[in-house]
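Q: The structure's right below; bear with me while I get my questions together.
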Amino acid sequence: MAGILLTVRPSNADLLGGVHHLGRLLAVVGYSMLAPLAVGVALREWRSVTALATSVGVTLLVAALLERLQRPEVAPRLTWGTGAATVAVTWLVAPAFGTLPLWLTGVYSSGLDAYFDGVSALTTSGLSLALDLDHLPQSLNLWRHLMQFLGGQGIVIVAFALATSSGGNLSTLSSVEGRQEPILPNVVTTARFIARVAGTYLAFGTLALWAALLAGGFTPVRGLLHAADLAMAAFSTGGFAPMSTSVGYYHSISTELVLSVLMLAGAASFHLHFQLWRHGPHEITRNSEFRTMVVTLTTLTAATVVGLAATGTYHDVEALLRKGAFTALSAHTTTGFAVVAGPAYETQWGVLVPALLVIAMAIGAMGASTGGGIKVVRVMLAAKAVGEEIRRALLPDAAVVVSRYHAGQRRLLSDRAIRSATLVGLLFLGTYLLGSLVALGYGYGLEQALFESTSATATIGLTSGLLAPDIPALLKVTYIVQMWLGRLEFMACFVLAGYLLTILRTRRP
Amino acid sequence: MNPHRRTVPPGTAKRLAALVVVLAVLIVALGWLRARLPGGTPAPGPVAGLAQLPPLATCDGPSTTPIRITSSLAVQCGQRFDDRTIHYAGEVVGDVLERDRGAWVQLNDDAYALDLGPLPRTGIQAGTNSGLAVWLPTDAGTTWTPGRHDRRGDVLAITGTFHHADPDDGGGTTIHAQSIATIAPATAPEPRAPSGTVIVLAATTLLAAATLRTRPIPTRRP
């Protein structure tokens, strides 16, 4: 596929154009660190302040140098291939800079672990190898969650909002960053709309969570910081939490309810948000993808609760709902918030429930949302294609079989859409299995291997207890690659690989 | 003449070389900073009061009383201790969540809690966190000091009822404390400011970035 796209070796101007835009995107990461830096100063967390200030400086310095590789009189070129490769490289380079302040304060066993958490944050996975999270300064915790928020909306999208003057030029980046169809005709207005939606949910989510946490016994300042952290992680379907026990730490049903709403909002496509804003709430009942998600979510949640009841671990309905339903929702929306300790999925939840969670994680959120996984829209299209084939077999040969679905407007099911959906779906399934094979090779059990591999590829963050700082380095690298592939939905990664192969194999004339 | 080479503006090679040099310097400087920034404060050492507590239970050993459990035992074989009176010890971390007639606290029993102290303060690494949620009744008091990045919190030894799936907490694994003793009070916070060299390095990097970003890129004369 990549070979077909990139039979021509990229010129130096193409490469310089890509590097220029990489610099611009890194600058967004650098400037974003100023918010936790200010919090660190206010809370007198001096070590964090030093680490954050250094990281801001280093990131902006490198970003400026990358941007300046090209003189301003030369307009930065950005072909589709260069744009795709730039996005793929950005999601590999930005985590290294994003994780700098955490690495400098010594909360990781190695540089690889720090990079793992950086990738996990920006891909909104939520898997973490951080040590002693419960003693982490609040400014650094804020930065972990802010990275997830940036990743959820796409650093690229944030860059659009900042770089309105070159919006048209940057439209290529958007098309390969998991949001193939622009919501509005202009990419800058699309970016502004996404920023407005995310900002609204973040503001209201933070206020609602703050109220819930204050009622739950938090002090105002710590409550506000935890609320902001949780709101960012929930809407970006990231799954980081300020404490090691995740959402279980709060012992609060109202907190869990607010988080559930935010997780659902994050898992809904920005197209649906736009239609809701433009046409009102009746779009929810018409949108085919949302209706499919309601069916899969309801079915998997009910099966999880019933399966959990059969294990005998929980004896009352409230416990079954707060543990089973919340975890199923967290898995399906690809958020990854936990309400039980990771090993409990294996030791106390039987075999069926973890399997159901793996299915929920594998399907994932709606397309063009902050979530990951195969995406509900692809599952829906594949299911409709199967239905169409069955109808075609049952009806007379002369009958014309047509399937439709609603996504803002009535659309015909095309062969191209089916092919694209099944291809990406198969790539996801293959990656789930390949990642499992690596863990199996190290002697881990099949259930844990599949659970962890699916969690990484679908950018979830739930762990069955396998993930720990002492697992083999190759397994960590495998999960890093899976998170990267899953976040970019393969295409940009293939283009980058094609770019590198083309550069290595072809000589200049 | 190679047509591809013509597309590269003059001076790019110089800028590329400058980028490589700056990256090399930054990597060395960051390595130096990483070795100096965390830690520096001696670990408070193992909590002495632990020795007076009953011996630890096991998942497959005889079920004798009194039982002392750890958070890892609670995950591995919590059902074995369900609704039984147990002993547990851990550091208060995070927040004291005061509610009706009591408070929820998180008591960690990992190496940072019972031996080393906070990682950001000591710089000593010893795995990840583990602990249990404990319900403290109001009559036990709520003036506990939780651990932070710059201090170890109060270490409490409690006796209480272990709930594998607590109906009062929506199915969470908890302990309802009946008696509480502080076996190690919270350490004093030590907001150790980084050394002057470290601050100068951070400030220099910030300044260099600010200068470079605000300075317009020189354009070539036609």
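Sequence lines, in order, name chains A and B.
With this note's numbering, the residue at position 503 of the first sequence is 503, and numbering never jumps.
Take any residue in the second sequence, count from 1 to its spot, add 509: that is its number in this note's numbering.
All residues carry an ideal CB built from backbone N, CA and C; glycine is no exception.
None of the values given here were measured: they were computed from a predicted structure.
Report yes or no: do three or more beta-carbon pairs, one from the segment 606–623 of chain B and one from the segment 365–378 of chain A, lie closer than 8 Å?
A: no
Q: Rounded to the nearest angstrom, what separates A/P101 and B/I708 at their Cα positions?
A: In the first sequence, residue 101 of chain A corresponds to position 101, counting from 1. In the second sequence, residue 708 of chain B corresponds to position 199, counting from 1. About 14 Å.
Q: Can you find the residues in the same chain that come closer than 6 Å, C-beta to C-beta, to A/E346, ignoring five residues on each side of it along the sequence?
A: For the purposes of this step, residue 346 of chain A is taken as the residue at position 346 of the first sequence. Correct list, in chain order: S464.
Q: Between B/Y621 and chain A, is there a C-beta pair that is closer than 8 Å?
A: Walking along the second sequence from the start, residue 621 of chain B turns up at place 112. It does: the Cβ of B/Y621 has a partner Cβ on chain A nearer than 8 Å.
Q: Please check if any C-beta of chain B sits within less than 8 Å of the C-beta of A/E388.
A: Start at 1 with the first residue of the first sequence, and residue 388 of chain A comes out as number 388. Cβ-Cβ to chain B under 8 Å: no for A/E388.
Q: Quick check on A/G154: buried or exposed, where buried means 16 or more other Cβ atoms within 10 Å of its Cβ?
A: Here residue 154 of chain A is taken as the residue at index 154 of the first sequence, counted from 1. Under this definition A/G154 is a buried residue.
Q: Output the boundary residues of the alpha helix (DSSP H) element that contains A/D14.
A: As a working mapping, residue 14 of chain A is identified with position 14 in the first sequence. That run of the alpha helix (DSSP H) goes 12–32.
Q: For the structure I just gave you, are there three or more beta carbon pairs, one from the segment 350–362 of chain A and one from the segment 303–311 of chain A, closer than 8 Å?
A: yes
Q: Measure from the alpha carbon of B/T713 to the alpha carbon of each residue in A/Q148, A/R392, A/A407, A/T50, then state which is nearest.
A: Position 204 of the second sequence, counted from the start, is the residue given in the question as residue 713 of chain B. Taking only the C-alpha atoms, the option nearest B/T713 is A/T50.
Q: Please state the DSSP three-state secondary structure of A/W349.
A: In the first sequence, the residue the question calls residue 349 of chain A occupies position 349. Residue state, collapsed to three classes: coil.
Q: Please state whether the Cβ-Cβ distance between B/R612 and B/L625 is less than 8 Å.
A: For this step, residue 612 of chain B is matched to residue 103 along the second sequence. For this step, residue 625 of chain B is matched to residue 116 along the second sequence. Inspection of the sequence shows that residue 612 of chain B is occupied by Ala rather than by Arg. Result no, Cβ atoms of B/A612 and B/L625 do not sit closer than 8 Å.
Q: If you draw a straight line from the C-alpha of A/A473 to the C-alpha of A/A456, how long is it?
A: As a position in the first sequence, residue 473 of chain A is number 473, starting the count at 1. As a position in the first sequence, residue 456 of chain A is number 456, starting the count at 1. C-alpha separation (whole angstroms): 15 Å.
Q: Mind listing the chain A neighbours of B/A566? Cutoff is C-beta to C-beta under 7 Å, in chain order.
A: For the purposes of this step, residue 566 of chain B is identified with residue 57 of the second sequence, where counting begins at 1. The contacting residues do not exist; B/A566 stays about 16 Å from chain A at best.
Q: Would a C-beta distance cut-off of 8 Å place B/S639 and B/S581 closer than the cut-off?
A: Residue numbering aside, residue 639 of chain B sits at position 130 when the second sequence is read from its first letter. Residue numbering aside, residue 581 of chain B sits at position 72 when the second sequence is read from its first letter. Their beta carbons are under 8 Å apart, which means B/S639 touches B/S581 by this criterion.
Q: First and last residue of the alpha helix (DSSP H) that includes A/F523?
A: Only positions 1 to 509 of chain A appear in this structure, which leaves residue 523 of chain A out of reach.
Q: With a CB to CB cut of under 7 Å and the five nearest residues on each side skipped, what residues in its chain are close to A/A458?
A: Walking along the first sequence from the start, residue 458 of chain A turns up at place 458. T334, M361, A362, G364, G372, G373, G486, listed in sequence order.
Q: Check the C-beta distance from A/D134 over to B/V602 and give it rounded, since I have them as a contact under 8 Å.
A: Counting from one through the first sequence, the residue named residue 134 of chain A turns up at place 134. Counting from one through the second sequence, the residue named residue 602 of chain B turns up at place 93. That belief holds up - the Cβ atoms of A/D134 and B/V602 are roughly 4 Å apart, short of 8 Å.
Q: Check each candidate in B/A598, B/T594, B/R593 and name the one with the smallest Cα separation from B/T579.
A: Position 70 of the second sequence holds residue 579 of chain B. It is B/A598 whose Cα lies nearest to the Cα of B/T579.
Q: Look up A/H406 in the DSSP assignment and give the residues it is bridged to.
A: Position 406 of the first sequence, counting from 1, holds the residue named residue 406 of chain A. Note: A/H406 sits in a beta bridge opposite A/R410.
Q: From this set, A/S109, A/F97, A/A382, A/H282, which residue's C-alpha is nearest A/G118's C-alpha?
A: As a working note, residue 118 of chain A is residue 118 in the first sequence. The shortest C-alpha separation from A/G118 is found at A/F97.
Q: Taking all protein chains shown into account, do 16 or more other C-beta atoms lie within 10 angstroms of the C-beta of A/I460, making it buried, or fewer, making it exposed?
A: Within the first sequence, the letter at position 460 stands for residue 460 of chain A. The residue is buried, with at least 16 neighbouring Cβ atoms inside 10 Å.
Q: Quick one: which chain B residues come within Cβ less than 7 Å of A/W103?
A: Taking the first sequence and counting its residues from 1, the one referred to as residue 103 of chain A is at position 103. R543, listed in chain order.
Q: Just reading off the beta strand (DSSP E) that B/N617 is part of, what are its end residues?
A: Position 108 of the second sequence, counting from 1, holds the residue named residue 617 of chain B. Residues 611–617.
Q: Looking at the structure shown, is B/I689 part of a helix, part of a strand, or coil, going by DSSP?
A: Working through the second sequence from its first residue, we reach residue 689 of chain B at position 180. Looking at B/I689 - three-state DSSP - the assignment turns out to be strand.
Q: To the nearest angstrom, report how far apart A/S246 and A/Q70 are at their CA atoms.
A: For the purposes of this step, residue 246 of chain A is taken as residue 246 along the first sequence, with counting starting at 1. For the purposes of this step, residue 70 of chain A is taken as residue 70 along the first sequence, with counting starting at 1. For A/S246 and A/Q70, the distance between alpha carbons rounds to 45 Å.
Q: Mapping DSSP to helix, strand and coil, what is A/G248?
A: In the first sequence, residue 248 of chain A corresponds to position 248, counting from 1. Reduced to three states, the DSSP call for A/G248 is helix.
Q: Determine the chain D residues that contact B/H658 at a beta-carbon separation under 7 Å, and present them in chain order.
A: In summary, chain D is missing from the structure at hand, where the protein chains are A and B.
Q: Counting along the chain, where does the alpha helix (DSSP H) carrying B/V531 start and finish?
A: Locating residue 531 of chain B in the second sequence gives position 22, where the first residue counts as 1. Note, B/V531: alpha helix (DSSP H), 521–545.
Q: Would you decide whether B/R661 is buried or exposed? Buried here means 16 or more other CB atoms lie within 10 Å of its CB.
A: The residue labelled residue 661 of chain B in the question sits at position 152 within the second sequence. Buried.
Q: Hey, could you find the ends of the beta strand (DSSP E) A/D117 is sitting in?
A: Position 117 of the first sequence, counting from 1, holds the residue named residue 117 of chain A. Looking at the DSSP string, A/D117 is not in any beta strand (DSSP E); the run it does join, the alpha helix (DSSP H), is 111–122.
Q: According to DSSP, which residues form a beta bridge with B/E600?
A: Counted from its first residue, the second sequence places residue 600 of chain B at position 91. Note: B/E600 sits in a beta bridge opposite B/N617, B/V664.
Q: Does any residue of chain B bring its CB to less than 8 Å from the CB of A/P512?
A: No information on residue 512 of chain A is available, as it lies outside the stretch 1 to 509 that chain A covers here.
Q: I'd like to confirm the pairing. Which residues does DSSP put opposite B/V643 in its beta bridges?
A: For the purposes of this step, residue 643 of chain B is taken as residue 134 along the second sequence, with counting starting at 1. B/V643 is bridged to B/V614, B/I684.
Q: Nearest to A/Q138 by CA position, among A/S128, A/E45, A/Q275, is which residue?
A: For the purposes of this step, residue 138 of chain A is taken as residue 138 along the first sequence, with counting starting at 1. That would be A/E45, whose Cα lies nearest to the Cα of A/Q138.
Q: So A/M483 is in the alpha helix (DSSP H); what residue range does that whole segment cover?
A: Within the first sequence, residue 483 of chain A is the residue found at index 483, counting from 1. Per DSSP, A/M483 is one residue of the alpha helix (DSSP H) stretching across 473–488.
Q: Helix, strand or coil for A/R278, going by three-state DSSP, please let me know.
A: One-based indexing of the first sequence puts residue 278 of chain A at position 278. Reduced to three states, the DSSP call for A/R278 is helix.
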